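Throughout the sequence shown, residue numbering follows my numbering, covering 40 to 442 in sequence.
Note that CB positions come from ideal geometry on N, CA and C, so glycine has one too.
As the structure is a computational prediction, the values presented were derived from the model and not from experiment.
Below is one structure, written out as structure tokens; the observations come after it.
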Amino acid sequence: MKNVVQLFTLILLLQTSLSGNAQKLNTPALKADLQFASGQSASRIPFERVGNFVYLRARVNDSDPLWFLLDTGATASYFDAEQAQALGLGQGNSIKSVSLNFPGVKLLNQNFSLQRLGFWIYNGHAADGLLGYDFISRFVIEIDYVNNTVSLHEPNSYKYSGSGDVVPLTLLEDDSGGKVPLVSVKIMQQGRAAIEGKFIADTAVRSAVSFNTPFVDANKLLQSAQQTIQVPIGGGAMVRESKQSIGRVPNVQIGQFTFKKPIAIFFQDKQGILASPEFDGVIGNEILRRFKVIFDYSRRQMILEPNRYISDREEYDMSGMLLIDEGIGFKTFKVRRIIENSAATAAGLREGDIISAVDGKPASNLTLEEVRQMFKRKGRSYQLDVERGGQKVQTKIKLKPLI
Numbered sequence: 040m041k042n043v044v045q046l047f048t049l050i051l052l053l054q055t056s057l058s059g060n061a062q063k064l065n066t067p068a069l070k071a072d073l074q075f076a077s078g079q080s081a082s083r084i085p086f087e088r089v090g091n092f093v094y095l096r097a098r099v100n101d102s103d104p105l106w107f108l109l110d111t112g113a114t115a116s117y118f119d120a121e122q123a124q125a126l127g128l129g130q131g132n133s134i135k136s137v138s139l140n141f142p143g144v145k146l147l148n149q150n151f152s153l154q155r156l157g158f159w160i161y162n163g164h165a166a167d168g169l170l171g172y173d174f175i176s177r178f179v180i181e182i183d184y185v186n187n188t189v190s191l192h193e194p195n196s197y198k199y200s201g202s203g204d205v206v207p208l209t210l211l212e213d214d215s216g217g218k219v220p221l222v223s224v225k226i227m228q229q230g231r232a233a234i235e236g237k238f239i240a241d242t243a244v245r246s247a248v249s250f251n252t253p254f255v256d257a258n259k260l261l262q263s264a265q266q267t268i269q270v271p272i273g274g275g276a277m278v279r280e281s282k283q284s285i286g287r288v289p290n291v292q293i294g295q296f297t298f299k300k301p302i303a304i305f306f307q308d309k310q311g312i313l314a315s316p317e318f319d320g321v322i323g324n325e326i327l328r329r330f331k332v333i334f335d336y337s338r339r340q341m342i343l344e345p346n347r348y349i350s351d352r353e354e355y356d357m358s359g360m361l362l363i364d365e366g367i368g369f370k371t372f373k374v375r376r377i378i379e380n381s382a383a384t385a386a387g388l389r390e391g392d393i394i395s396a397v398d399g400k401p402a403s404n405l406t407l408e409e410v411r412q413m414f415k416r417k418g419r420s421y422q423l424d425v426e427r428g429g430q431k432v433q434t435k436i437k438l439k440p441l442i
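Structural data, given as structure tokens:
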């Protein structure tokens, strides 16, 4: 996984070797570069949840608060190259020995790889950095998706006292020494034996579950899927564009919890990380958000406490459009791609159109995530104001399920 940012970006829109022989970590001692304001933890740090991603505020040195995406699928931490230059932190491949200040905890002498983090256009939220393995492994991290808080605990002093399901983790290592967490997942299909695999538990992936190409092929997942659509994924600075199949699988089980008919991405890449046989796929936020999730790398475990979202039915966007946000302040919604034979094609929408209003409500008063949620309502119709080549057009879109 030499390019973890590519993995995040590719799955968000909807190369490389891992070793399964990662040795068990000793629980780290509290180091001098880690300072809690009180005790051995920083509790209930607020985060913004957009697309079920976890965005935390922190200061780098004496900067204004910046946005960091918590990313368990990243083997290292990243900082936006343009932002680093603007703050005078340096340029090149990395910045070193900076402080990272969160409410209740401060980390000194931190290093970040530099990367142009342009994926914000797909999610409608700023991201100045990614917090990956080097950050996550320092703590026991508790993510509360109901109250939108994160708690960071020093591993040696942490003791779990709840009744959640303890799911064993395996940590897989890349060439640089960074690691990602794998959990055992079962896929159950009617009339067939259960299939088991090792999946990355990734807090920076929107989808419920995705399957790598070798796992898809070996288990004939596409042949047994009842209905799939071809969806354009990727494109832009960091990933090539490709078409992937999206559909549903009957049941997915993690620990003691079973999820019925989750939406799945069936990757068909012939090379790169998504063609890797060393892990079988990814479990993302559409599943993780249904729990209070505790990542404890020091004890090789993930703890799941079900929350009020546990029984939610997952719906796929019924508009047939991939929208991105190219405007300042995330208020300009552009049609990046259109799925064939969808509500968008029936409404006469085109790639490159700008959605300026929905049912008379200006785009400036909406967020990209709000629009995406509106487009998951079966049978609903919306009046769209569209800007196209300098002309203003109105059209009505009636939503219909694609899968």
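{"Asked": "Between Leu221 and Ile239, which are expected to be in contact by the criterion C-beta below 8 Å, what is the C-beta distance as a whole number of angstroms?", "Found": "6 Å"}
{"Asked": "What's the C-alpha gap between Gln266 and Ile304?", "Found": "12 Å"}
{"Asked": "Three or more beta-carbon pairs under 8 Å between the segment 324 to 336 and the segment 171 to 191, yes or no?", "Found": "yes"}
{"Asked": "Output the boundary residues of the alpha helix (DSSP H) element that contains Met447.", "Found": "With the chain represented from 40 up to 442, any question about residue 447 goes unanswered, as that position is not in the structure."}
{"Asked": "If you draw a straight line from the C-alpha of Glu365 to the C-alpha of Lys373, how long is it?", "Found": "7 Å"}
{"Asked": "Does the Cβ of Ala386 have 16 or more other Cβ atoms within 10 Å, making it buried, or fewer, making it exposed?", "Found": "buried"}
{"Asked": "From the DSSP secondary-structure annotation, give me the bridge partner or partners of Arg88.", "Found": "Val93"}
{"Asked": "Strictly by DSSP, which residues pair up with Leu147?", "Found": "Paired residues: none, contrary to the question."}
{"Asked": "Count the other CB atoms within 10 Å of the CB of Asn251; is the residue buried (16 or more) or exposed (fewer)?", "Found": "buried"}
{"Asked": "Check whether the segment 161 to 175 and the segment 114 to 130 are in contact - that is, three or more C-beta pairs closer than 8 Å.", "Found": "yes"}
{"Asked": "In whole angstroms, what is the alpha-carbon distance linking Glu445 and Leu105?", "Found": "In this structure the chain extends from 40 to 442, so residue 445 is not present and cannot be described."}
{"Asked": "Where does Tyr197 fall in DSSP's three states?", "Found": "coil"}
{"Asked": "Closest to Asn162 by C-alpha separation, out of Gly203, Lys135, Val248, Gly90, would be which residue?", "Found": "Gly90"}
{"Asked": "Quick check: what's the CA-CA separation for Gly129 versus Val321?", "Found": "34 Å"}
{"Asked": "Name the one or two DSSP bridge partners that Asp424 has.", "Found": "Ala396, Gln433"}
{"Asked": "Just to confirm, are Asp356 and Phe414 a CB contact at a threshold of 7 Å?", "Found": "yes"}
{"Asked": "Once the 5 residues before and after Arg389 are set aside, which same chain residues still bring their CB inside 8 Å of it?", "Found": "Val374, Ile377, Arg427"}
{"Asked": "Among residues of its own chain, excluding the 5 on either side of Ser420, which ones have a beta-carbon nearer than 8 Å to its beta-carbon?", "Found": "Lys435, Ile436, Lys437, Leu438"}
{"Asked": "The ligand SAM and Tyr197: does any heavy atom of the ligand fall closer than 6 Å to the residue's C-beta?", "Found": "Because no ligand of any kind appears in the structure shown, any question about the ligand SAM cannot be addressed here."}
{"Asked": "May I have the straight-line CA-CA distance separating Asn148 from Pro142, to the nearest angstrom?", "Found": "18 Å"}
{"Asked": "For Ala120, which option in Glu354, Gly157, Val206 has the closest C-alpha, if you only look at C-alpha atoms?", "Found": "Gly157"}
{"Asked": "Buried or exposed: Ala68, going by 16 or more other Cβ atoms within 10 Å of its Cβ?", "Found": "Confidence in Ala68 is poor, its pLDDT being 48 and thus under 50, which makes the residue's placement unreliable; the coordinate value appears in the next sentence. Answer is exposed; the Cβ neighbour count stays below 16."}
{"Asked": "Distance check for Lys237 and Leu210, CA to CA, integer angstroms please.", "Found": "11 Å"}
{"Asked": "From Ser77, Asp101, Gln124, pick the residue whose C-alpha is nearest to that of Ser138; which is it?", "Found": "Asp101"}
{"Asked": "Whole angstroms are fine: how far does the CA of Ile302 sit from the CA of Ser315?", "Found": "21 Å"}
{"Asked": "Counting only the same chain and skipping the five closest in sequence on each side, list residues whose C-beta sits under 7 Å from that of Glu344.", "Found": "Gly201, Gly203, Phe330, Lys331"}
{"Asked": "So, is Ser190 buried or exposed, given that buried needs 16 or more other C-beta atoms within 10 angstroms?", "Found": "buried"}
{"Asked": "Taking the straight line between their C-alpha atoms, what separation do you get for Leu52 and Asp424?", "Found": "Confidence at Leu52 is low in this model, with a pLDDT of 48, below 50, so the placement of that residue is unreliable and no value is reported for it."}
{"Asked": "Does DSSP put Ser297 in a helix, in a strand, or in coil?", "Found": "Ser is not the amino acid found at residue 297; the sequence shown has Thr there. Residue state, collapsed to three classes: strand."}
{"Asked": "Going straight from the alpha carbon of Leu441 to that of Glu317, what length do you get?", "Found": "31 Å"}
{"Asked": "Find the nearest neighbour of Thr384 within the set Asn132, Gln412, Ser358, judged by alpha-carbon distance.", "Found": "Ser358"}
{"Asked": "Does DSSP put Glu317 in a helix, a strand or coil?", "Found": "coil"}
{"Asked": "Any idea if Gly230 is buried or exposed, counting beta-carbon neighbours within 10 angstroms, 16 or more meaning buried?", "Found": "exposed"}
{"Asked": "Since Thr384 is in the alpha helix (DSSP H), which residue starts that stretch and which ends it?", "Found": "382 to 385"}
{"Asked": "Taking only the alpha-carbon atoms, compute the straight-line gap between Gly429 and Asp392 and give it to the nearest angstrom.", "Found": "10 Å"}
{"Asked": "Using 7 Å as the threshold, is the C-beta distance between Ala97 and Phe107 below it?", "Found": "yes"}
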